[in-house]
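S.K.:
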Amino acid sequence: MDILTVAVPTDNSGKSDVGIPEGSLAIAAFIVLALPGFIYAGVGRWARGESATDRDVGLTIARGAVFSVALTAVYLLLLGGWLFSGVGPGADADAVAIANPRLLGLTVLVFYVAVPTVVSIVMHRRRIDWVFPNWAEDARGDVKRGFGWVRLPQSKHGYNSVPSAWDHASEQNHQAWVKVKRSNGEWVGGWFTKGSFVTTYPEPRSIYIAHQFRMTNDGNFDGEGPIPGSGVFLMINNDDMVFWTNPARADQEKEDCDG
1 MDILTVAVPT DNSGKSDVGI PEGSLAIAAF IVLALPGFIY AGVGRWARGE SATDRDVGLT
61 IARGAVFSVA LTAVYLLLLG GWLFSGVGPG ADADAVAIAN PRLLGLTVLV FYVAVPTVVS
121 IVMHRRRIDW VFPNWAEDAR GDVKRGFGWV RLPQSKHGYN SVPSAWDHAS EQNHQAWVKV
181 KRSNGEWVGG WFTKGSFVTT YPEPRSIYIA HQFRMTNDGN FDGEGPIPGS GVFLMINNDD
241 MVFWTNPARA DQEKEDCDG
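Residue numbers (UniProt numbering): 1 to 259.
#1: Is it buried or exposed for Phe192, if we count other Cβ within 10 angstroms and need 16 for buried?
#2: Of all the options Ser155, Lys144 and Arg140, which has the alpha carbon lying nearest to the alpha carbon of Val122?
#3: To the nearest angstrom, how far is the alpha carbon of Met235 from that of Arg249?
#4: Within the continuous beta strand (DSSP E) that includes Val74, where are the two ends?
#5: Where does Gly185 land, buried or exposed, given buried means 16+ other C-beta within 10 angstroms?
#6: Our contact map puts Phe233 next to Tyr201 with C-beta atoms below 8 Å; I'd like the distance itself, whole angstroms only.
#7: Counting C-beta neighbours from all protein chains within 10 Å, is the total for Ser230 16 or more, i.e. buried, or is it exposed?
#8: Under 8 Å Cβ to Cβ from Glu50, same chain only, skipping five residues before and after it: list those, please.
#9: What span of residues does the beta strand (DSSP E) with Thr199 cover, start to end?
#10: Are the segment 42 to 60 and the segment 158 to 174 in contact at 8 Å, needing three or more beta carbon pairs?
#11: Does DSSP put Gln172 in a helix, in a strand, or in coil?
#12: Which residues in the same chain as Pro36 place their Cβ atom closer than 7 Å to its Cβ, once the five residues preceding and following it in sequence are excluded?
#13: What is the DSSP secondary structure of Ala29, reduced to helix, strand or coil?
#14: Kindly identify the DSSP beta-bridge partner or partners of His211.
#15: Pro204 by DSSP, collapsed to three states: which one?
#16: Three-state secondary structure (DSSP) at Val115?
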């Protein structure tokens with residue numbers, strides 16, 4: 001039987017070039033003791049949103065470790081030593097010998113990725129709805145053949161990892177009209193399309209409008225079209241107001257109302 005020993009490259013000082021975790025034994029410990037916990041924490045945050053305790057790193061790590069250890073204990077109780085039959089001790093104290101790479105890969109994917117994900121979803125089931133995905137519909141809105149059974153988990157709380165309303169608005173409004181009312185009452189705006197750009201978290205809010213239009217004092221475009229060869233950059237301050245008008249979204253909302 002071929003044995004493959006996994007070791008992490010080190011420099012002359014003995015320090016790892018790839019950072020933490022150092023050594024294949026540490027990588028194995030991370031997979032067994034931490035990976036399921038990270039998955040559990042991620043699913044929980046997606047399902048319920050961020051809670052106050054999520055910002056306590058120590059508590060989050062402790063909960064994840066308990067989840068990981070409990071899961072591994074169940075595996076050992078049910079499967080015994082077969083669970084880790086793909087690995088064995090290496091020549092060095094911090095090395096792990098891989099006796100069966102395929103079995104090891106299957107073990108990690110099934111028992112330390114797929115199962116923790118399923119268990120986490122079941123544990124947070126009260127916060128999850130099972131919805132029909134948009135990609136399973138055709139252009140007419142009818143269910144594609146053979147996809148009627150498909151359902152995907154979705155948070156009931158609508159938690160979104162986008163860090164701010166500004167980031168969300170800038171993501172949703174490409175190919176849109178944008179107007180900015182400055183704190184001094186001045187209006188600046190134009191067509192936000194290819195060539196335009198916004199800075200998002202963690203950078204300060206700013207916007208570059210690639211096609212600037214002249215605006216009247218009451219916040220309307222003057223109807224003369226874009227200023228030739230124009231583009232305008234603005235830092236968005238707390239006293240500024242930004243208005244987006246997305247024609248595509250407006251048409252979709254009109255269809256939804258008419259329907």
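All residues carry an ideal CB built from backbone N, CA and C; glycine is no exception.
M.R.: Straight from the coordinates:
#1: Within the sequence shown, residue 192 is the residue found at index 192, counting from 1. Flag for Phe192 reads buried.
#2: Working through the sequence shown from its first residue, we reach residue 122 at position 122. Closest by C-alpha distance to Val122, out of Ser155, Lys144 and Arg140, is Ser155.
#3: Along the sequence shown, one-based indexing puts residue 235 at 235. Along the sequence shown, one-based indexing puts residue 249 at 249. Just so you know, the alpha carbons of Met235 and Arg249 end up roughly 26 Å apart.
#4: Here the question's residue 74 lines up with position 74 in the sequence shown. Val74 -> not in any beta strand (DSSP E); alpha helix (DSSP H) instead, spanning Val57 to Leu79.
#5: Taking the sequence shown and counting its residues from 1, the one referred to as residue 185 is at position 185. Gly185 should be labelled exposed.
#6: On the sequence shown, position 233 is the one that residue 233 refers to. On the sequence shown, position 201 is the one that residue 201 refers to. Contact between Phe233 and Tyr201 does not hold, since their C-beta atoms are separated by about 19 Å, which reaches or exceeds 8 Å.
#7: In the sequence shown, the residue the question calls residue 230 occupies position 230. By the neighbour-count rule (16 or more Cβ atoms within 10 Å), Ser230 is not buried but exposed.
#8: Counting from 1 along the sequence shown, the entry for residue 50 is found at position 50. Around Glu50: Tyr159.
#9: Sequence index remark: in the sequence shown, residue 199 carries index 199 (1-based). Taken as a continuous stretch (DSSP letters only), the beta strand (DSSP E) holding Thr199 covers Phe197 to Thr199.
#10: Enough Cβ pairs lie closer than 8 Å, so yes.
#11: Your numbering for residue 172 matches position 172 in the sequence shown. Three-state DSSP puts Gln172 in a helix.
#12: Taking the sequence shown and counting its residues from 1, the one referred to as residue 36 is at position 36. Excluding sequence neighbours, Pro36 sits near Phe67, Ser68, Leu71, Tyr112 and Pro116.
#13: In the sequence shown, residue 29 corresponds to position 29, counting from 1. The answer is helix: DSSP assigns Ala29 an H, G or I state.
#14: Counted from its first residue, the sequence shown places residue 211 at position 211. Trp191, per the DSSP bridge assignment.
#15: Indexing the sequence shown from 1 puts residue 204 at position 204. In the structure shown, Pro204 sits in coil (DSSP, three-state: anything other than H, G, I, E or B).
#16: Position 115 of the sequence shown, counted from the first residue, corresponds to residue 115. Here Val115 carries a helix assignment [DSSP, helix/strand/coil].
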